[in-house]
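Okay, structure first, notes after.
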Amino acid sequence: MKIVKIDSVESTNKYCEALDLGEVGDFTCFWALEQTAGIGQRGNHWAAEPGKNLTFSLVLHPTFLPADRQFRLTQALSLALVDLLSTYHLPHSTFIKWPNDIYVGGRKICGTLVSTRLQGDRIASAVCGIGLNVNQMDFPSWVPNPTSISLLTGRCHALEPLLLRLLECIGRRYDSLRADSDLDAEYLRHLMLMGHPARYRYVGQVLTATITGIDPYGRLLLTAADGRRLCCGMKEVAFEGGDLSIYG
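The C-terminal position of the sequence shown is numbered 247 in numbering that gives the first Met the number 0, with every residue numbered one higher than the one before it.
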């Protein structure tokens, strides 16, 4: 494991993707104290106050993973974050909002973004961007339902020891992937709104549906109120609203 500390960068994922990843060792972490244009899912901006949160990208070489099983890496990262947050004895349970956002008490505390490069039918490299809200207490008004470890615990936390603990959690989950462990059941156990009706926008239409699982490629399986069974990729479906008070 290697940590490269950067004072300020536009985006750690963009920084890594400009590198020759073949020359970057497996499990190299690029940690930025400030991101000026962090990227979230669906191209959204990731807002993080400088020096208050963890914003980093982890370069991996999961050549043991088939190209069509990238979602297994997403599962491992998500569960590693659940592992870390569970050590803080937070007042609410931690859940994964499909595919890979982390929520505590119905509020978002972390987002991840994974991009991969393929070699044949295998994943040659992966850049795994993680933004974890740690000590930030105030957020821009346009950020939906944010929270942080400090808001939940009432105290400030040193960033570097926290990063090392998170990397240890990721390392254990990464080893599980290498050993071909099945993470589906554990991922579903932590999946937000699993089995609960909610509103989704699917191919331009808002409908009520219930999550029933995920398929081997990470697509969301929904059963609509009218009985239709839907299999949705990330760009095909978006959460429109539901009762998150059950997580409070």
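Ideal placement from N, C-alpha and C gives every residue a C-beta, glycine not left out. Note that the structure is a prediction, hence the values are computed from the model and not measured.
Classification of residue i by the beta-carbon crowding that lies within 10 angstroms, buried from 16 upward
i    : result
L245 : Sequence inspection shows Ile at residue 245; the Leu mentioned does not correspond to that position. By the neighbour-count rule (16 or more Cβ atoms within 10 Å), I245 is not buried but exposed.
T73  : buried
G104 : buried
A31  : buried
A17  : exposed
Y216 : exposed
P160 : exposed
R41  : Confidence is the limiting factor: at R41 the pLDDT is only 46, short of 50, which leaves the residue's position unreliable, though a coordinate-based value still follows. Label assigned to R41: exposed.
S248 : No statement about residue 248 is possible, as the shown extent of the chain runs from 0 to 247 and does not include it.
V236 : buried
C155 : exposed
Own chain partners of residue i with C-beta closer than 7 Å, once the 5 adjacent residues on each side are dropped
i    : result
M233 : P98
P145 : R106, K107, N132, F138
S85  : T93
L158 : L53, V133
Y87  : I148, T152
C230 : D214, R218, L220
L150 : M136
beta-carbon residue i near the ligand COA non-hydrogen atom, thresh 8 Å
i   : result
L84 : The ligand COA is absent from the structure shown, which contains no ligands of any kind.
Beta-carbon proximity of residue i to residue j, cut-off 9 Å
i    : j    : result
V113 : A123 : no
L221 : A208 : yes
Beta-carbon contacts of residue i that lie in its chain and below 6 Å, excluding the five residues immediately before and after
i    : result
Q135 : E48, K51, N52, S147
H44  : In this predicted model, H44 has a pLDDT of only 49, less than 50, meaning its place in the structure is not dependable enough to derive any value.
K4   : W30
Spatial neighbours of residue i in its chain, beta-carbon cut-off 8 Å, leaving aside the 5 residues before and after
i    : result
K1   : G24, F26, T27, C28
Y186 : Q74, S77, L78, I95, I213
Pick from the options that is closest to residue i, judged by C-alpha positions
i    : options                : result
E9   : G119, D183, H189, E33  : E33
D181 : H195, R164, D214       : D214
L64  : E239, I210, A224, R177 : R177
C109 : L117, L206, D100, L150 : D100
L243 : N12, R121, L229, P196  : P196
R227 : G128, E239, Y201       : Y201
H91  : D82, L83, Y102         : Y102
- Entirely within the stretch 68-99 and at least 4 residues each: give me those alpha helix (DSSP H) ranges in chain order. Counting only runs of at least 4 residues, the stretch 68-99 fully encloses the following alpha helix (DSSP H) elements, listed from N- to C-terminal order: 69-85.
- Task: Output the residue ranges of the alpha helix (DSSP H) runs that lie fully inside the stretch 114-155 and measure 4 residues or longer, sorted by chain position.
- Result: 148-152, all fully within the stretch 114-155.
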